[in-house]
Structures are given as C-alpha cells and as structure tokens.
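A.B. asks:
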Amino acid sequence: MAKTTREQSRKKVLDALNAARAMELQAIVQYMNHHYNLDNMDYGDLAAKMKLIAIDEMRHAEMFAERIKELGGEPTAEMAGTPEKDGEAKFIFTTDTGLEDGAIEAYNRFLLTCRENGDSTSVKLLEAIIDDEQVHFNYFDSVRQHIERLGETYLAQVAGTSSATGIVYQGFVDRQGSDGTAAPGA
Ligand SMILES: [Fe+2]
Ligand SMILES: [Fe+2]
C-alpha cells in the first residue's frame, strides 16, 4: 500500500476542518433566524440565549478558518446545508438539538481524521469546540423537553421576558461556564 505523504495528510485535515466550518456557517444563519423568530414570538429569554449561541458558532467558524489559513488552505464560505427558517418553538428546539447532535458526531469523526494524520493542534481545537457544542446540546435539549412536557405552561413563563443581552463580548458558553450551570437569565 502506498504511504500517505505529508501533503495528502494535510489535505485530509483541511477537508475535515472545512467540513466543520461549513457546518458552523449553517448553524450561524439558522440560529440567527431562530433568534429573530423567538424574539417575534416574544419569548425574550429564549431569543437572547439563541443569539449568544449564534455568537459562539461565529467564534467557532473563525477558529476553524484561522487553523485552515495556518495550514495554507482556503476557508470555505459555503454552508453545509440549508438553514431552517421558521417554526414554532417546539420545532425550533427539536431542530437545533438535532443540529448540535450532528455536529458532535461529525466533529468526533473529524477529530479522528486529524489524529490519524498527525495534527495534534487541530485535535485540540476540535476537542474544545466539541465541549462547547455539548453545552449547546444540553441547553437546547432541556428547553425541548420542557416544551414537550409542559407545552404552553412553560412557554407562558418565558413569554414577555427580556431579550436584552447587553453589549456582547461573550457568547453563550463563556457566560455559562463550561459546565453549563449559570443562573437563569445570565
Ligand atoms: Fe459550533
Ligand atoms: Fe453549537
């Protein structure tokens, strides 16, 4: 069997990093859409947190791009798929839980590709980002379960809450702490 050259290894890593970046770009647009939607429905607290999560994904897209540039590649501007737009709160949180679940699964595969091709810096990058996606998943999934179990009762509690995030220097994960245990409204 032919030996994998350094150039072939670099290409495999770049393809994995660009596939991840394309997933981030889709998530950014989808979560921004959902932020406006939730705000329109007057679910302020859900809207504010959605906005912060979109900002986390922007940071991820940048981190992937920086590593791609460092390796001499070109960061993609294409999205991995068509972002979801409209929908009721139940649909939004079911869809976004699914998107995070898919990202965690894919990024773990990309991490193996990076490891197999000897790129420990990209492995560390993916590890850090997977931790963030897990925090997103946990939050989306808990809202999804609340809506499923309590329906209108839960939504009535968040209706009319503030959607203000103040001046945003940090996304969702940084405000929460990496274990995802911030006070409500943080
Ligand atoms: Fe992300
Ligand atoms: Fe995420």
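Numbers given in the numbering used here equal positions in the sequence shown, counted from 1, plus 1030. Built from N, CA and C at the ideal position, the CB exists for glycine as well.
Residues in the same chain with beta-carbon distance under 6 Å from L1141, minus the five sequence neighbours each way, listed in chain order, please.
C.D. replies: Indexing the sequence shown from 1 puts residue 1141 at position 111. Once the five neighbours on either side are set aside, the close Cβ partners of L1141 are V1153 and L1156.
A.B. asks: Does R1051 pass the burial test, meaning 16 or more other C-beta atoms within 10 Å, or should it be called exposed?
C.D. replies: On the sequence shown, position 21 is the one that residue 1051 refers to. Classification of R1051: buried, given that the 10 Å Cβ count is 16 or more.
A.B. asks: Just to confirm the assignment: which complete alpha helix (DSSP H) runs, minimum length 4, are found wholly within the region 1052 to 1117?
C.D. replies: 1074 to 1100
A.B. asks: Y1066 to K1033, Cα distance in whole Å?
C.D. replies: For the purposes of this step, residue 1066 is identified with residue 36 of the sequence shown, where counting begins at 1. For the purposes of this step, residue 1033 is identified with residue 3 of the sequence shown, where counting begins at 1. Their Cα atoms are separated by approximately 51 Å.
A.B. asks: Can you tell me whether E1130 sits near ligand 2, meaning its C-beta is under 6 Å from at least one heavy atom of the ligand?
C.D. replies: By 1-based counting over the sequence shown, the position of residue 1130 is 100. True, at least one ligand heavy atom lies under 6 Å from that Cβ.
A.B. asks: Leaving out five residues on either side along the sequence, give the residues of the same chain with a beta carbon under 7 Å from the beta carbon of M1080.
C.D. replies: Looking up residue 1080 in the sequence shown gives position 50. Counting only Cβ-Cβ distances below 7 Å, and skipping sequence neighbours, we find Y1061, H1064, H1065 and L1068.
A.B. asks: Would you kindly work out how many angstroms separate the C-alpha atoms of E1163 and F1202, rounded to a whole number?
C.D. replies: Working through the sequence shown from its first residue, we reach residue 1163 at position 133. Working through the sequence shown from its first residue, we reach residue 1202 at position 172. If you draw a straight line from the Cα of E1163 to the Cα of F1202, it is about 11 Å long.
A.B. asks: Can you give the beta carbon distance from L1055 to A1091, rounded, assuming they're within the 8 Å contact cut?
C.D. replies: Counting from one through the sequence shown, the residue named residue 1055 turns up at place 25. Counting from one through the sequence shown, the residue named residue 1091 turns up at place 61. Sure, about 6 Å apart at Cβ, within 8 Å.
A.B. asks: For the candidate residues A1194, F1167, K1041 and V1043, whose alpha-carbon lies nearest to that of I1122?
C.D. replies: Locating residue 1122 in the sequence shown gives position 92, counting from the first residue. For the residues A1194, F1167, K1041 and V1043, the minimum Cα distance to I1122 belongs to F1167.
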